[in-house]
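For the sequence shown, the numbering used here begins at 1259 and goes up steadily by one.
Each residue gets a CB set at the ideal place from its N, CA and C atoms; glycine is no exception.
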Amino acid sequence: MGLVFAAVFLTVAGLFPVYFFQPRASGTAAEMYALRQVSNPERTALIQLFCAGLGFCLVLLLCMYLALEFWLCFLLAVLGGIVLYILPGRVIAWRISRRNWKFEMQMLDFTVAVVGNLRSGFALPNAIELAIEHLGNPIRQDFSLMLAEYRLGVELSEAIKRMNDRISSENLQLFTATVCVAIRSGGSIAEVLENLIHTIRKRKEMEGKIRSLTAQFNFESLCMILLPIPVFLVLYLLDPELMRPLLTTKTGWWGIATIVVLELIGFKALRSIGKVRF
1259 MGLVFAAVFL
1269 TVAGLFPVYF
1279 FQPRASGTAA
1289 EMYALRQVSN
1299 PERTALIQLF
1309 CAGLGFCLVL
1319 LLCMYLALEF
1329 WLCFLLAVLG
1339 GIVLYILPGR
1349 VIAWRISRRN
1359 WKFEMQMLDF
1369 TVAVVGNLRS
1379 GFALPNAIEL
1389 AIEHLGNPIR
1399 QDFSLMLAEY
1409 RLGVELSEAI
1419 KRMNDRISSE
1429 NLQLFTATVC
1439 VAIRSGGSIA
1449 EVLENLIHTI
1459 RKRKEMEGKI
1469 RSLTAQFNFE
1479 SLCMILLPIP
1489 VFLVLYLLDP
1499 ELMRPLLTTK
1509 TGWWGIATIV
1519 VLELIGFKAL
1529 RSIGKVRF
């Protein structure tokens, strides 16, 4: 038990300066804005610190219960702490990705509503305000911030550009470029936005086709990565004596570690191959 408390103390002592002396403002403006919309960065860092210590302790206790060698207990405990330290960040990244995806999906309905309001005789700021009233977050939240900046004296085109810098969205980039060019040239914003609607619809159709083609590849890749687990279980049930050295010897543990590393490399490579950027 003393070893457990010593390990916890060393882990916390090692992570303490990393957390409290790391720079608070890192990443691009879009990344920091998206992060603050889905979580509190300081609280997320504390959660990561807690998860790292928890993973280290739990794995260490489990290895001591199984009476494994000390060096193996310590190595697995460190790996457990690293995995649980990374986990909250992955959850936050997923939430950011989901928010960006929802914003992209709302841009078509938003642009259609803006064009309808412009055709009804409203000015562009009023047309945007009326359009977001019928849409939920995140697009209502982001455009409300843009309109607040406009009411404080920022030019409309500049406020839209600032919002474009904060949000990672290709549809928003098209909207920003279209509106800013129309404002400078004095043309009909409704007409150019109608062309933008046609472009966004074509992009959505193409994205849907590409995602349907890559879905099967991603599923097959996942099956290939997970295949060694059921194979090992079946072999262990058929001949436990043959497979037991893989779990009870140093050579077996090194073999498992090598398999895990190769599996992770293969998974990363397959994800890179199947990932399509629009």
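Less than 8 Å between the C-beta atoms of residue i and residue j, yes or no?
i, j, result
"residue 1373", "residue 1448", "yes"
"residue 1479", "residue 1410", "no"
"residue 1354", "residue 1293", "yes"
"residue 1468", "residue 1521", "no"
"residue 1543", "residue 1434", "There is simply no residue 1543 to check, as the chain begins at 1259 and stops at 1536 in what is shown."
"residue 1429", "residue 1362", "yes"
"residue 1514", "residue 1500", "no"
"residue 1387", "residue 1403", "no"
"residue 1393", "residue 1459", "no"
"residue 1486", "residue 1517", "yes"
"residue 1427", "residue 1384", "no"
"residue 1471", "residue 1441", "no"
"residue 1291", "residue 1420", "no"
"residue 1389", "residue 1368", "yes"
Can you tell me where the alpha helix (DSSP H) with residue i in it begins and where it stops?
i, result
"residue 1417", "1414-1424"
"residue 1307", "1299-1323"
"residue 1367", "1328-1377"
"residue 1400", "1397-1409"
"residue 1495", "1486-1496"
"residue 1380", "Looking at the DSSP string, residue 1380 is not in any alpha helix (DSSP H), and its letter there is neither H nor E."
"residue 1434", "1428-1443"
"residue 1505", "1503-1506"
Do you know whose CA, among the options, lies nearest residue i's CA?
i, options, result
"residue 1346", "1306, 1364, 1384 and 1525", "1306"
"residue 1342", "1317, 1419 and 1328", "1317"
"residue 1326", "1511, 1524 and 1526", "1511"
"residue 1364", "1531, 1530, 1473 and 1462", "1462"
"residue 1376", "1474, 1530, 1450 and 1507", "1450"
"residue 1328", "1525, 1531, 1519 and 1508", "1508"
"residue 1379", "1348, 1330 and 1446", "1446"
"residue 1526", "1493, 1476, 1502 and 1398", "1476"
"residue 1531", "1474, 1498, 1464 and 1493", "1474"
Checklist entry - Within the chosen definition, does the segment 1301-1314 reach the segment 1331-1340 through at least 3 CB pairs nearer than 8 Å? => result yes
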